[in-house]
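What follows is a set of notes on a single structure, which appears directly below.
Protein chains in written order, with my numbering: chain A, 1 to 213; chain B, 1001 to 1313.
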């Protein structure tokens, strides 16, 4: 097995974790799913660091693992209300969510990928430009996770998923400059602050309540 | 030509006459795992012979659909037995009459006919079973057809025999991501269509009654035919799972050698039974309204497979 197929397989695993989070009712399981996803993306960063011989990607992988994998998971899990293991979001219709998710995937594959990205050749993955598809799919799933849920925790997980997608996209497309690492760091810092404040304020967000005076 | 006729007869008779045996082996092994004595492996044959001798009762308000559809559905499954590689890995006489997608649509046709005939009886239990089956089949049949379409994208042909030969001659193709996705999706659909335990649809318990709901008003000869065609359906789906997805090797097509396919197919099917047995005896039954979640996962896998095989070669 060569490295491009290893990256291909791990990227597909990222996609499966995204579906797992999407269909998950229990908050703590969704947060742990995010831990697995971030760890897999850190593993992709390590594989790329090895093939590209780049210290930047190595640092990125370590940052991803400790900040997203460990720190955010710990902070979110600590704030899930009492009876943690049994705390779940009601009213989730898995078949509907998966079908809409699939529609998103079809849109992202057949419109965005075949039109907007067809000419792109990633620098880090010159042999397999089609791998750029995975971050794209992950991005759409993160967006849909935010719109489809009311729980603040799941929305934050959706936001982390989007950030993961951006990092994955950046890793595949370009050799990583230190700017991206810094942005990851700042993102996570901001995310930790925001998530701590928001989750303390309220656990669920209803659709229109932010618009009330 | 004579070899071709022999092969056709072998495959057809094998499917028709040995498919109840696999149901018997399944019940027997399950009983052994559960520390029961269990019925003989020939029990499905005894059941069929017993029912064939019994009188047939027909509901007063039913029409010709109720009486003739069991025979038509049986015939549809017999046609499927001739067009997909369930025993012989080479095309036989009637193979050219339909492709892989045709096979999938014939499965759907048989399911539809059975539901129409069951509704014709006017029973409340039947209506309950049919309404459940209809709401599940939205995703179940969809995933079945999608997997069958998608498997043709690997080889660029819609002929399951070519797919089988391709997978045998390219062992690495069995490990590609798209193939693995398709196999997982089809295995989930296989468990659903045959009513195995995570979503048990057989059995007379009202809470999970689906298949028995369709047969509720049938009796005697018609019930025997219905049971027999469901055994054939189970064998056909299992054989497709084995020969096109999970384990395509070991079948031969040379002139006297094809007789060896009979013990080999029995052995392969027993292997599949053992795999299913592990799942049956370790998992609990999911609640009825969770079956759609399960099918949504299978459908998602099959669509993912379609997308990936289209974009990523």
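Ideal placement from N, C-alpha and C gives every residue a C-beta, glycine not left out.
**Asked** So, helix, strand or coil for residue 151 of chain A, using DSSP?
**Response** Locating residue 151 of chain A in the first chain gives position 151, counting from the first residue. Looking at residue 151 of chain A - three-state DSSP - the assignment turns out to be strand.
**With 16 other Cβ atoms within 10 Å as the buried cut-off, status of residue 138 of chain A** = Taking the first residue of the first chain as position 1, residue 138 of chain A is located at position 138. Answer is buried; the Cβ neighbour count reaches 16.
**Prompt:** What do you reckon, are the CB atoms on residue 1069 of chain B and residue 1109 of chain B nearer than 7 Å?
**Reply:** Locating residue 1069 of chain B in the second chain gives position 69, where the first residue counts as 1. Locating residue 1109 of chain B in the second chain gives position 109, where the first residue counts as 1. No, these two residues do not count as a Cβ contact at 7 Å.
**Request:** Determine the burial state of residue 1138 of chain B: buried for a count of at least 16 other Cβ atoms within 10 Å of its Cβ, exposed for fewer.
**Result:** To locate residue 1138 of chain B, count along the second chain from 1; it is residue 138. Burial call: exposed.
**Contacts around residue 151 of chain A, its chain only, beta-carbon distance under 7 Å, and the 5 residues preceding and following it disregarded** = Locating residue 151 of chain A in the first chain gives position 151, counting from the first residue. 27, 89, 203 and 204.
**Prompt:** How about residue 1149 of chain B: is its C-beta nearer than 7 Å to some C-beta of chain A?
**Reply:** To locate residue 1149 of chain B, count along the second chain from 1; it is residue 149. Cβ-Cβ to chain A under 7 Å: no for residue 1149 of chain B.
**Prompt:** Counting only beta-carbon atoms, is residue 1292 of chain B nearer than 7 Å to chain A?
**Reply:** Looking up residue 1292 of chain B in the second chain gives position 292. Residue 1292 of chain B counts as touching chain A.
**Request:** Out of A:4, A:49 and A:79, point me to the one whose CA is closest to residue 31 of chain A's CA.
**Result:** In the first chain, counting from the first residue as 1, residue 31 of chain A sits at position 31. Closest option to residue 31 of chain A, Cα to Cα, is A:79.
**Asked** What is the C-beta distance between residue 1382 of chain B and residue 1215 of chain B, in whole angstroms, given that I count them as a contact (C-beta under 8 Å)?
**Response** Summary: the structure shown does not reach residue 1382 of chain B, with chain B confined to residues 1001 through 1313, and so no result is reported for it.
**Asked** Is residue 1134 of chain B near the ligand FAD, judged by its Cβ being under 6 Å from some heavy atom?
**Response** The ligand FAD is not part of the structure shown, which contains no ligands of any sort.
**Prompt:** Which ranges would you report for the alpha helix (DSSP H) in the region 1034-1058 of chain B if only whole runs of at least 4 residues count?
**Reply:** 1043-1053
**Asked** chain B beta carbons: is any one of them nearer than 7 Å to that of residue 107 of chain A?
**Response** On the first chain, residue 107 of chain A is found 107 positions in, with the first residue counted as 1. Cβ-Cβ to chain B under 7 Å: no for residue 107 of chain A.
**Prompt:** Are the CB atoms of residue 1182 of chain B and residue 1147 of chain B nearer to each other than 7 Å?
**Reply:** Position 182 of the second chain holds residue 1182 of chain B. Position 147 of the second chain holds residue 1147 of chain B. Yes, they are a contact pair.
**Asked** Contact between the region 1074-1085 of chain B and the region 1230-1238 of chain B: three or more CB pairs below 8 Å?
**Response** yes
**Request:** Can you pull the chain A residues whose beta carbon is under 7 Å from the beta carbon of residue 1300 of chain B, in chain order?
**Result:** Translated into positions along the second chain, residue 1300 of chain B becomes position 300. Going along chain A in sequence order, the residues near residue 1300 of chain B (Cβ under 7 Å) are 19, 98 and 102.
**Message:** Please tell me whether residue 1116 of chain B and residue 1065 of chain B are closer than 7 Å, where the distance is taken between their beta carbons.
**Reply:** Indexing the second chain from 1 puts residue 1116 of chain B at position 116. Indexing the second chain from 1 puts residue 1065 of chain B at position 65. Yes. Within cutoff.
**Message:** I want to see whether chain A comes within less than 7 Å of residue 1111 of chain B, judged by CB atoms only; does it?
**Reply:** Locating residue 1111 of chain B in the second chain gives position 111, where the first residue counts as 1. For residue 1111 of chain B, the answer is no, since every Cβ of chain A falls outside 7 Å of its Cβ.
**Asked** How would you label residue 1151 of chain B, buried or exposed, when you count the other beta carbons within 10 angstroms and need 16 or more for buried?
**Response** Sequence index remark: in the second chain, residue 1151 of chain B carries index 151 (1-based). With 16 or more other Cβ atoms within 10 Å, it is buried.
**Request:** In angstroms with no decimal places, state the Cα-to-Cα distance between residue 194 of chain A and residue 21 of chain A.
**Result:** In the first chain, the residue the question calls residue 194 of chain A occupies position 194. In the first chain, the residue the question calls residue 21 of chain A occupies position 21. Computed Cα separation, rounded: 21 Å.
**Prompt:** Would the beta-carbon of residue 1094 of chain B fall within 7 Å of that of residue 1160 of chain B?
**Reply:** In the second chain, residue 1094 of chain B corresponds to position 94, counting from 1. In the second chain, residue 1160 of chain B corresponds to position 160, counting from 1. No.
**Asked** Just how far apart, CA to CA, sit residue 52 of chain A and residue 172 of chain A?
**Response** Within the first chain, the letter at position 52 stands for residue 52 of chain A. Within the first chain, the letter at position 172 stands for residue 172 of chain A. Their Cα atoms are separated by approximately 11 Å.
**Request:** Check the C-beta distance from residue 1278 of chain B over to residue 1196 of chain B and give it rounded, since I have them as a contact under 8 Å.
**Result:** Residue 1278 of chain B sits at position 278 when you count from the first residue of the second chain. Residue 1196 of chain B sits at position 196 when you count from the first residue of the second chain. About 11 Å; that fails the 8 Å criterion.
**Prompt:** How many angstroms separate the CA atom of residue 5 of chain A from the CA atom of residue 120 of chain A?
**Reply:** The residue given as residue 5 of chain A occupies position 5 in the first chain. The residue given as residue 120 of chain A occupies position 120 in the first chain. In a straight line, the C-alpha of residue 5 of chain A is about 19 Å away from that of residue 120 of chain A.
**Message:** Within the continuous alpha helix (DSSP H) that includes residue 38 of chain A, where are the two ends?
**Reply:** Here residue 38 of chain A is taken as the residue at index 38 of the first chain, counted from 1. Looking at the DSSP string, the run of the alpha helix (DSSP H) that includes residue 38 of chain A is 27-52.
**Request:** Using three-state DSSP, classify residue 1159 of chain B as helix, strand or coil.
**Result:** The sequence position of residue 1159 of chain B within the second chain is 159, counting from 1. Here residue 1159 of chain B sits in coil by DSSP.
**Asked** Of the residues that make up the region 1116-1135 of chain B, which ones have a beta carbon closer than 9 Å to any beta carbon in chain A?
**Response** none
**Item:** Endpoints, alpha helix (DSSP H) assigned at residue 1280 of chain B
**Value:** Counting from 1 along the second chain, the entry for residue 1280 of chain B is found at position 280. Counting along the chain, the alpha helix (DSSP H) containing residue 1280 of chain B begins and ends at 1261-1282.
**Message:** Counting beta carbon pairs with one atom in the region 103-110 of chain A and one in the region 43-50 of chain A, are three or more of them shorter than 8 Å?
**Reply:** no
**Item:** Proximity of residue 1219 of chain B and residue 1056 of chain B at Cβ, strictly below 7 Å
**Value:** Start at 1 with the first residue of the second chain, and residue 1219 of chain B comes out as number 219. Start at 1 with the first residue of the second chain, and residue 1056 of chain B comes out as number 56. Going by C-beta atoms, residue 1219 of chain B is nearer than 7 Å to residue 1056 of chain B.
**Asked** What is the residue span of the alpha helix (DSSP H) that residue 1114 of chain B lies within?
**Response** As a working mapping, residue 1114 of chain B is identified with position 114 in the second chain. Note, residue 1114 of chain B: alpha helix (DSSP H), 1100-1120.
**Request:** Could you tell me if residue 1226 of chain B is buried or exposed, where buried requires 16 or more neighbouring beta carbons within 10 angstroms of its beta carbon?
**Result:** The count along the second chain starts at 1 and reaches residue 1226 of chain B at position 226. Under this definition residue 1226 of chain B is a buried residue.
**Message:** On the DSSP bridge list, what partners appear for residue 204 of chain A?
**Reply:** As a first step, residue 204 of chain A is located in the first chain; it is residue number 204 there, counting from the start. BP columns for residue 204 of chain A point to A:151.
**Request:** Give, in chain order, every residue of the region 1149-1179 of chain B whose Cβ lies closer than 8 Å to some Cβ of chain A.
**Result:** 1177
**Prompt:** What do you get for residue 81 of chain A, buried or exposed, if any count of 16 or more other CB atoms within 10 angstroms of its CB means buried?
**Reply:** Translated into positions along the first chain, residue 81 of chain A becomes position 81. By the neighbour-count rule (16 or more Cβ atoms within 10 Å), residue 81 of chain A is not buried but exposed.
**Prompt:** Straight-line CA distance for residue 1268 of chain B to residue 1260 of chain B?
**Reply:** In the second chain, residue 1268 of chain B corresponds to position 268, counting from 1. In the second chain, residue 1260 of chain B corresponds to position 260, counting from 1. Approximately 12 Å between the Cα atoms of the pair.
**Prompt:** Under a three-way DSSP split, which group does residue 1094 of chain B fall into?
**Reply:** Here the question's residue 1094 of chain B lines up with position 94 in the second chain. Looking at residue 1094 of chain B - three-state DSSP - the assignment turns out to be coil, as it is neither helix nor strand.
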